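Trainee: Sharing a structure here in structure tokens format.
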Amino acid sequence: MLTIKNLCKSYAFADARQSVLQQLDFDMEASSSVALRGESGSGKSTLLHLIAGLDRPDSGEIHFAGHAIHAAPESQLAELRRSQLSLVFQQFHLISTLTVHDNIRFQAALCGRQDPAYESELIERLGLADQLVKYPQQLSRGQQQRVAIARALLHKPMLVLADEPTGNLDEASSLEVMALFSDLVRQAGSSLLMVTHSRAMAGFMDRRVRLHNGILAEDE
Amino acid sequence: MIKALLSHYWRHPWQTLFLGIGLVAGVALWSAVQIINQHAEDSYRQAQSLLGAQAHYWIRSRRDEGIDPDTYIRLRREGFRQLFPLIELEVSTAQGTSISIIATDLLALPGDSFDAGDSTREFSQTWLNFIQPPYRAWVPAVLAQELGLEPGEQLELRDGRRLPPALIQARAQQGRRVLMDIGAAVALSGQDRFSYLAVGSIAPHRFDLLAASLPDHLELIENQQHVDLRELTQSLHSHLTAMSLLSFAVGLFIVFNAVRFSLWYRRSTLLNLRLMGCDNRLLALAILLETLVWSLLGSGFGFAIGVLLAQLLLPSLGASLQSLYDAVVEINLGLSPWTLLQAWCISLFGLLWALAWPLYRQLRHSSFEAARSENLLADETRVRHWLALAGLLLAAVATIAYGRIETVTGGFVVLGLVLFAAAWLLPVMLAAGLRLLACLLPARLLLARWMVSDGWSQLPAFRSAMMALLLALTANLGVGSLVDSFRSAFVGWLEVRQSADIYLRAPQVSHEQLLDLAADGNWLADSHHRIGVSTRWRNRPTLVRGIDPTAPDSLTLPLSRWQGDSAGAALQSWREQADKVLINEQVHFLAGVEVGDHVSLDGDRGSRDYEVVGVFYDYGNPYFQFYLPDQVVAKQWKHYHSRGIALWLNPDNEAAMQQAEASMRALGAQPGDWIARAQIRRLSVGIFDRTFAITAAMNLLTMLVAAIALLASLLAILQERLPQFAQWRALGLRQSEQLLLVATPLLIFCGIVWLLSIPLGALLSWILIHKLNIISFGWSMPLIWEIAPALRLALVIGLICGLTLLLVAFQWRRQMPLALAQLGETV
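Line by line, the protein sequences are chains F and A.
In terms of the working numbering, the first sequence has 38 at position 38, counting the first letter as 1, and numbering is strictly consecutive.
In terms of the working numbering, the second sequence has 1509 at position 509, counting the first letter as 1, and numbering is strictly consecutive.
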């Protein structure tokens, strides 16, 4: 489903270029989950951005669902992001002017994939049924993250890319949300690639990898 | 600390640019008009300095026959050295352009009338050339450029005569007139008579002697031109001042926006400074210092651009002032440091006004609260409601004050109240518009609903820009409608009033002789010999006209008010009874004379009362005017003047025009003494268009300033919400959809503003026409409201939006990659 070969990415810092990813190779099966760990600045988020087509590699290839992400035009990437991918961030990024219900349905509406039964189930399982007419800013942080998760899963994407999705929550809420999140991803038949610092969060994933010096290695 | 605060401007050059543009544009427009007004004031003060700063009196012929040189020589010989002769001529160039010539005898001028201090050889030669054949015609550079006249060239007139060789230069107060020696003017006109004599400073006992020495057919008139000019032109200058203040207000909205955003972006800097121990007073002081610097920069650059603008606008305004009021405005601009000081004061005031509330709000909150954007957004609703409340209050005050408008300034204050009331009510209306649209959109159109609802996020940034746009659109529609109404009324009025084919103004041509010649040639269908007296009534220049009640233009005289059942009946009673008078609207509105009132006019045979039976339209005339049957004027005033003869040509005679011209020449008239209807209309409409050219220019510039406000807001939105847009891009939103997300609220807001500006513009023109115009100029007209200008403005708004969105898209393309790379914070 996702294959990365010889991926290189560097950034210019002052007069020099600093290499973030060096000849990185990575494979990910469909319906699997992977925890991506590493020190701050190791390039975890960069890798996520490259997979989502939000940034371009210096060299190397990224193939996802039969698409060459590294060479695809912006329009194709936008299409892929709206239908086959989902991104969940630490900051939730909900649309403050839309209700919770509209926020949940947002990405599904973008790709025209409506599934009322699944929508009801998702809302029920995430405990948002009573919050639908509220606006995001009226919810707690935990509830806001649940809305972001519901939005990411409603259109059943092939791959969910999550960047510290529970980084804004306390430990108890994090564990609770993470358990629900990984369970829902599995139920949706999606894959999950999650950046995390937390060993506990990584424990929810099928596989754990560590990024160090621009190279990916299996984590213990 | 100051360095930390000022670093914002380096990091956000767009913000800096827009703050600068707003301030400079506002100050520039204001100071341009201020400079023009001040300059015109100075010109009026020095009026006639060339041909008699000391011309305290004029000696004129009571019958407008000019003054023969013998009388002048006799008076000089009697010791009246304060006298100097003047000839004024109106001629037509070969291309049909009318030009004014003024001529005098330089050697007769009182000592300090001319700046004769320059005694270089070159200077002396210039003067010698001026007074010796073949003479020199001093042509102002602006006029020479219009006529395509080169130095040394002799301008050809319509009848083939030529002016003396041109010298492209002008003296103060020459205005657009061509100046030449009196000998040259005598040679040119072929008449050995002066138009009038000017009298310089004269002791009271000499004045009495002079008055006694004058023959009966001459009169000594006090020169009240300066007083009259100030009075007559005051309204026009007030209008210009009001427009410049409006432009400044529009510029201020940009400043308000920029200042607000500069504080918004620096909230974290302010927070850090406060955490590090800077107290609010110190921070406020630092920002006030920054404001001071901005005000100095804004006023300096604004004033410089204002000077350039004034230089561009002055020739057209000067020409209008000369055409309408005979007010000569020096074309070369004189600048006063006082105006620069005023520009600085007004820019400092504008900045402080823009800064006061946001700064107070920023510093009032506790340190952490101030840095949170949600608080500012929550404040937005409160601000909206307070503004609406203030707007309602202003509207109420304007409604109460409307009935009490008595002065031009009072009128403009009410206009200002109305405009600001509307501007302050606007945010609430925009919010209401968003709410209404959200209700109308079906639930299934999620993306459309999102785009509409995003307006709530954009509203704070657009608030000031939309207010600026509303003011600019309203001013455009209101003033545009005023000009259109005036144009339509004026052209229609010209059609009726100037119905004759030829207007002849040559004192030497007798009406009876002309009728005799016409009877032989069968070229004349009808004629109207008008007579009149120049006087003062209620301390304002006034014309009492004696007109033939049976002449074609008298029978169809358009009345705005009349006594009895119909205008026809009122005209009939005026024709038949010697104690009835018609007054122009200026007398009705400015002097408060109603139909049925009695007015007392001082004639040579004593004062006499007349009953007002009608009020006639008299567009563009700054004077009071009374119409009496010619027999009454001839009987009541023994020293009346001929005011010209109107000739209606025989439509069946194809050669009528040529025959008429030949007859007039035969009786001693020169080309330039008469004017054909087409030409008079062209001239009148030309004067009209020139008068309103400055209005159109100000409207255009105000729209430009509003467009800049819009662009500034859009770019601020882009800057502020870039991370949000990047996140949405990550969700799969296309660039076009993102652009639509910004464009939809923008178009909704612009649409609402446009819709509001239509009734508001109508209200503005209503007040301008039915209140201010009457108070200022003393005439009224029907309000003509057409949808075409509003549609044109909609197109302009569309273009402005399109252009600004294009710029935003360009900026996006540049900044989005970095924003996308910065998504998430766990790298």
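We put the CB at the ideal spot given by N, CA and C, even for glycine.
What you are looking at is a predicted structure, and each value in this text was computed from that prediction instead of being measured.
Looking at the C-beta of W1812(A), does it have a partner C-beta in chain F at a distance below 8 Å?
Mentor: As a working note, residue 1812(A) is residue 812 in the second sequence. It does not; no Cβ of chain F falls within 8 Å.
Trainee: Quick one: grab the DSSP three-state call for D163(F).
Mentor: Start at 1 with the first residue of the first sequence, and residue 163(F) comes out as number 163. Strand.
Trainee: Got a sec, what are the start and stop residues for the beta strand (DSSP E) G1148(A) sits in?
Mentor: Your numbering for residue 1148(A) matches position 148 in the second sequence. Segment: none, G1148(A) is in no beta strand (DSSP E) and carries neither H nor E.
Trainee: Could you tell me which chain F residues have their CB closer than 7 Å to the CB of D1379(A), listed as they occur along the chain?
Mentor: For the purposes of this step, residue 1379(A) is taken as residue 379 along the second sequence, with counting starting at 1. Within chain F, no residue comes near D1379(A); the closest Cβ sits about 15 Å away, beyond 7 Å.
Trainee: Where do the N-terminal and C-terminal ends of the alpha helix (DSSP H) with H101(F) fall, by residue?
Mentor: Counting from 1 along the first sequence, the entry for residue 101(F) is found at position 101. First-last of the alpha helix (DSSP H) with H101(F): V100 to C111.
Trainee: Taking the alpha carbon of L1714(A) as the reference point, which residue from H1012(A), L1543(A) and L1807(A) has its own alpha carbon closest?
Mentor: On the second sequence, residue 1714(A) is found 714 positions in, with the first residue counted as 1. The candidate whose alpha carbon is nearest that of L1714(A) is L1807(A).
Trainee: Measuring CB to CB, does M1698(A) end up less than 8 Å from M1243(A)?
Mentor: Here residue 1698(A) refers to the residue found at position 698 when the second sequence is read from its first residue. Here residue 1243(A) refers to the residue found at position 243 when the second sequence is read from its first residue. Taking 8 Å as the Cβ cut-off, M1698(A) and M1243(A) qualify as a contacting pair.
Trainee: Kindly indicate if chain F contains any beta-carbon less than 8 Å away from that of G1732(A).
Mentor: Translated into the one-based positions of the second sequence, residue 1732(A) becomes position 732. Judged by the 8 Å Cβ criterion, G1732(A) is in contact with chain F.
Trainee: Check S140(F) in the structure and name its three-state DSSP category.
Mentor: As a position in the first sequence, residue 140(F) is number 140, starting the count at 1. Reduced to three states, the DSSP call for S140(F) is coil.
Trainee: Could you confirm whether any beta carbon from chain A is found closer than 8 Å to the beta carbon of C111(F)?
Mentor: The sequence position of residue 111(F) within the first sequence is 111, counting from 1. Yes - at least one Cβ of chain A is within 8 Å of the one on C111(F).
Trainee: For P157(F) and R151(F), what's the separation of their Cα atoms in angstroms?
Mentor: Numbered from its first residue, the first sequence carries residue 157(F) at position 157. Numbered from its first residue, the first sequence carries residue 151(F) at position 151. Cα to Cα, the separation comes out at about 11 Å.
Trainee: If we cut at 8 Å on Cβ distances, does D1454(A) have a partner in chain F?
Mentor: Counting from 1 along the second sequence, the entry for residue 1454(A) is found at position 454. Answer yes: the Cβ-Cβ gap between D1454(A) and chain F drops below 8 Å somewhere.
Trainee: Are A1249(A) and L1471(A) touching if we call contact CB-CB under 8 Å?
Mentor: As a first step, residue 1249(A) is located in the second sequence; it is residue number 249 there, counting from the start. As a first step, residue 1471(A) is located in the second sequence; it is residue number 471 there, counting from the start. Cβ atoms of A1249(A) and L1471(A): closer than 8 Å.
Trainee: Mind checking if V1827(A) is an interface residue toward chain F, Cβ cutoff 8 Å exclusive?
Mentor: Position 827 of the second sequence, counted from the first residue, corresponds to residue 1827(A). In this prediction, V1827(A) has a pLDDT of 33, which is less than 50 and means its spatial position is unreliable; what the coordinates show is noted afterwards. Closer than 8 Å: yes.
Trainee: In or out: V1142(A) buried (at least 16 other Cβ within 10 Å) or exposed?
Mentor: Residue numbering aside, residue 1142(A) sits at position 142 when the second sequence is read from its first letter. Per the 10 Å Cβ criterion, buried.
Trainee: Cutting at 8 Å between CB atoms, please list the residues of its own chain near H212(F), excluding the five before and the five after it.
Mentor: Numbered from 1 along the first sequence, position 212 holds the residue referred to as residue 212(F). These residues qualify, in order along the chain: G38, E39 and S42.
Trainee: Would you please state the rounded distance, in angstroms, between the beta carbons of Y1627(A) and I1531(A)? I believe it to be under 8 Å.
Mentor: Here residue 1627(A) refers to the residue found at position 627 when the second sequence is read from its first residue. Here residue 1531(A) refers to the residue found at position 531 when the second sequence is read from its first residue. Contact flag wrong, Cβ pair sits at about 11 Å.
Trainee: Using only alpha-carbon positions, find the residue among R1267(A), L1352(A), R1274(A) and I1254(A) that is nearest to S1295(A).
Mentor: Sequence index remark: in the second sequence, residue 1295(A) carries index 295 (1-based). Ranking the options by Cα distance to S1295(A), first place goes to L1352(A).
Trainee: Within 8 Å of any Cβ in chain F, is that where the Cβ of A1743(A) sits?
Mentor: Position 743 of the second sequence, counted from the first residue, corresponds to residue 1743(A). By this cut-off, A1743(A) is not an interface position.
Trainee: By Cβ distance, which residues of its chain are closer than 7 Å to E1078(A), with the 5 residues on each side in sequence left out?
Mentor: Locating residue 1078(A) in the second sequence gives position 78, counting from the first residue. So the list reads S1213, once near-sequence residues are dropped.
Trainee: Against chain F, does A1371(A) count as a neighbour if the rule is that its beta carbon must be under 8 Å from one of theirs?
Mentor: Position 371 of the second sequence, counted from the start, is the residue given in the question as residue 1371(A). Because the pLDDT at A1371(A) is just 47, under 50, the model does not fix this residue reliably, and the value given afterwards should be weighed accordingly. Answer no: the Cβ-Cβ gap between A1371(A) and chain F never drops below 8 Å.
Trainee: Could you confirm whether any beta carbon from chain F is found closer than 8 Å to the beta carbon of W1450(A)?
Mentor: Residue numbering aside, residue 1450(A) sits at position 450 when the second sequence is read from its first letter. Interface residue, yes.
Trainee: Ends of the beta strand (DSSP E) at K134(F)?
Mentor: Counting from one through the first sequence, the residue named residue 134(F) turns up at place 134. Element bounds for K134(F): n/a, residue is neither H nor E.
Trainee: Between which two residues does the beta strand (DSSP E) containing L1557(A) stretch?
Mentor: As a working mapping, residue 1557(A) is identified with position 557 in the second sequence. It is not in any beta strand (DSSP E) - L1557(A) carries neither H nor E in the DSSP assignment.
Trainee: Taking 8 Å as the CB-CB cut-off, is Q1727(A) touching chain F?
Mentor: Here residue 1727(A) refers to the residue found at position 727 when the second sequence is read from its first residue. Q1727(A) counts as touching chain F.
Trainee: Output yes if chain A places a C-beta closer than 8 Å to the C-beta of S96(F); else output no.
Mentor: Reading the first sequence from its first residue, position 96 is the one you call residue 96(F). Answer yes: the Cβ-Cβ gap between S96(F) and chain A drops below 8 Å somewhere.
Trainee: When the cut-off is 8 Å and only beta carbons count, does A1809(A) lie next to chain F?
Mentor: What you label residue 1809(A) is simply residue 809 of the second sequence in a count that begins at 1. So, not an interface residue.
Trainee: In this structure, how does DSSP classify A1646(A) when only helix, strand and coil are distinguished?
Mentor: In the second sequence, the residue the question calls residue 1646(A) occupies position 646. Three-state DSSP puts A1646(A) in a strand.
Trainee: Per DSSP, what are the beta-bridge partners of L1582(A) in this structure?
Mentor: The residue given as residue 1582(A) occupies position 582 in the second sequence. G1614(A) and Y1627(A), per the DSSP bridge assignment.
Trainee: Check this for me: beta carbons of A1506(A) and A1669(A), under 8 Å apart or not?
Mentor: On the second sequence, residue 1506(A) is found 506 positions in, with the first residue counted as 1. On the second sequence, residue 1669(A) is found 669 positions in, with the first residue counted as 1. Contact flag set, yes.
Trainee: Could you spell out where the alpha helix (DSSP H) holding K5(F) opens and where it closes?
Mentor: Within the first sequence, the letter at position 5 stands for residue 5(F). Unbroken run through K5(F) is the beta strand (DSSP E), L2 to F13; no alpha helix (DSSP H).
Trainee: Considering Cα atoms alone, identify which of L1292(A), L1210(A), A1423(A) and L1005(A) is closest to V1753(A).
Mentor: Along the second sequence, one-based indexing puts residue 1753(A) at 753. Of the listed residues, the one whose Cα sits closest to V1753(A) is A1423(A).
Trainee: Check V1705(A) in the structure and name its three-state DSSP category.
Mentor: Residue 1705(A) sits at position 705 when you count from the first residue of the second sequence. It is helical.
Trainee: Which residues, in order along the region 1686 to 1704 of chain A, keep a beta-carbon less than 7 Å from a beta-carbon of chain F?
Mentor: Hits within the stretch: zero.
Trainee: Do you know offhand how far A1730(A)'s Cα is from D183(F)'s?
Mentor: If you number the second sequence from 1, residue 1730(A) lands on position 730. If you number the first sequence from 1, residue 183(F) lands on position 183. Rounded to the nearest angstrom, the two C-alpha atoms are 24 Å apart.
Trainee: For a contact defined as C-beta to C-beta under 9 Å, what are the partners of L1856(A) on chain F?
Mentor: Since the displayed chain A opens at 1001 and closes at 1827, residue 1856(A) lies outside it and no answer follows.
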